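*Asks:* Going by my numbering, the first residue of the sequence shown is number 45, and it counts up by one from there. C-beta atoms are modelled at their ideal positions from N, C-alpha and C, and glycine is treated no differently. Because the structure is a prediction, the values reported are computed rather than measured. Take this structure first; my questions come after.
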Amino acid sequence: MTLGWEDIRAEVLRRIRARDWPPGALIPGEEALAEEFGVARATVNRALTALAEAGVIERKKRAGTRVAQLPVRRARLEIPVIRLDVMGRGLAYDFKLLADRTQPAPVPVTARLGLPEGTAMRYLETLHLAGGRPFVLETRWLNPACLPAPLPDFAAISANEWLVTHVSLVSGDIAFTAEPASPREAEVMGTPPGTALLVAERTTHGTNGPVTLVRLAHAPGHRVQMLF
45 MTLGWEDIRA EVLRRIRARD WPPGALIPGE EALAEEFGVA RATVNRALTA LAEAGVIERK
105 KRAGTRVAQL PVRRARLEIP VIRLDVMGRG LAYDFKLLAD RTQPAPVPVT ARLGLPEGTA
165 MRYLETLHLA GGRPFVLETR WLNPACLPAP LPDFAAISAN EWLVTHVSLV SGDIAFTAEP
225 ASPREAEVMG TPPGTALLVA ERTTHGTNGP VTLVRLAHAP GHRVQMLF
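See the structure below:
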């Protein structure tokens, strides 16, 4: 079984909490951990980066990585790049753009984003794949008025990755629910209609106003893990 970055992060955190590596201790480098766990160095890097961002460890060039003396608790949620999430699990990533059109957004969408009724928005439907299998079905409404022009070809780069890397997002909200797969979701993801899916629905706002409303329907068995 190939370990993903979340597995590496969990094991490093377990050793820290068990005092195998006490506060201030220098932990093994990325190369040593990659060899121990039998994974790519990039997988270890992502796991340690997540722990560093959470304030559990401290990473300094030429000085190595140490367990933080006084771990900092940070309440924040970063929007993940789905491609990196899949690759961090040791799986090949791909995506397919299933729909791309501009049309007046439905009232529930404009109401959630605080936009005038009938605002023209870009609708995108993207299927993200992990190891050739459906991973996440992303349905997204974009507000072009708040985005830099020209917009990219979303068949070449996913809207998820482009937004995270090109648009400054300053606020938003997210909700997680378990919902039965709609007929469309079941068709695209290859599951029986009504199968329970983990759904994340998120709105984000940038410096120029509301940017996007996105619904992420994850394949059965998906797990979201948050470090705090």
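Could you check the C-alpha separation between residue 170 and residue 65 for me, to the nearest Å?
*Replies:* Whole-angstrom Cα-Cα distance: 42 Å.
*Asks:* Exposed or buried, residue 119, counting other C-beta atoms within 10 Å across all chains shown (16 or more means buried)?
*Replies:* Note that residue 119 scores a pLDDT of 46, beneath 50, so its modelled location is shaky; the value from the coordinates is reported in the next line. So residue 119 counts as exposed.
*Asks:* Can you tell which of 260, 249, 145 has the C-alpha that lies nearest to the C-alpha of residue 180?
*Replies:* Looking at the Cα atoms, 260 is the closest of the given residues.
*Asks:* Assign residue 81 to one of three DSSP states: helix, strand, or coil.
*Replies:* Helix at residue 81.
*Asks:* Measuring CB atoms only, is the segment 156-163 touching the segment 242-254, in the sense that at least three cross pairs come out at less than 8 Å?
*Replies:* With a cut-off of 8 Å, the segment 242-254 and the segment 156-163 count as touching, because enough Cβ pairs lie within range.
*Asks:* Touch check for the segment 197-205 and the segment 222-231: three-plus C-beta pairs under 8 Å?
*Replies:* Counting Cβ pairs under 8 Å, fewer than three are found: no touch.
*Asks:* Can you find at least 3 beta carbon pairs, one from the segment 88-101 and one from the segment 48-56, that sit closer than 8 Å?
*Replies:* Touching, per the Cβ criterion.
*Asks:* From the DSSP secondary-structure annotation, give me the bridge partner or partners of residue 147.
*Replies:* Bridge partners of residue 147: 165.
*Asks:* DSSP puts residue 224 in a beta bridge; with which residues?
*Replies:* Beta-bridge pairing links residue 224 to 240.
*Asks:* Name, in chain order, the residues that DSSP records as bridge partners for residue 198.
*Replies:* BP columns for residue 198 are empty, so no partner.
*Asks:* Which first and last residues belong to the alpha helix (DSSP H) in which residue 209 is found?
*Replies:* Note, residue 209: alpha helix (DSSP H), 203-210.
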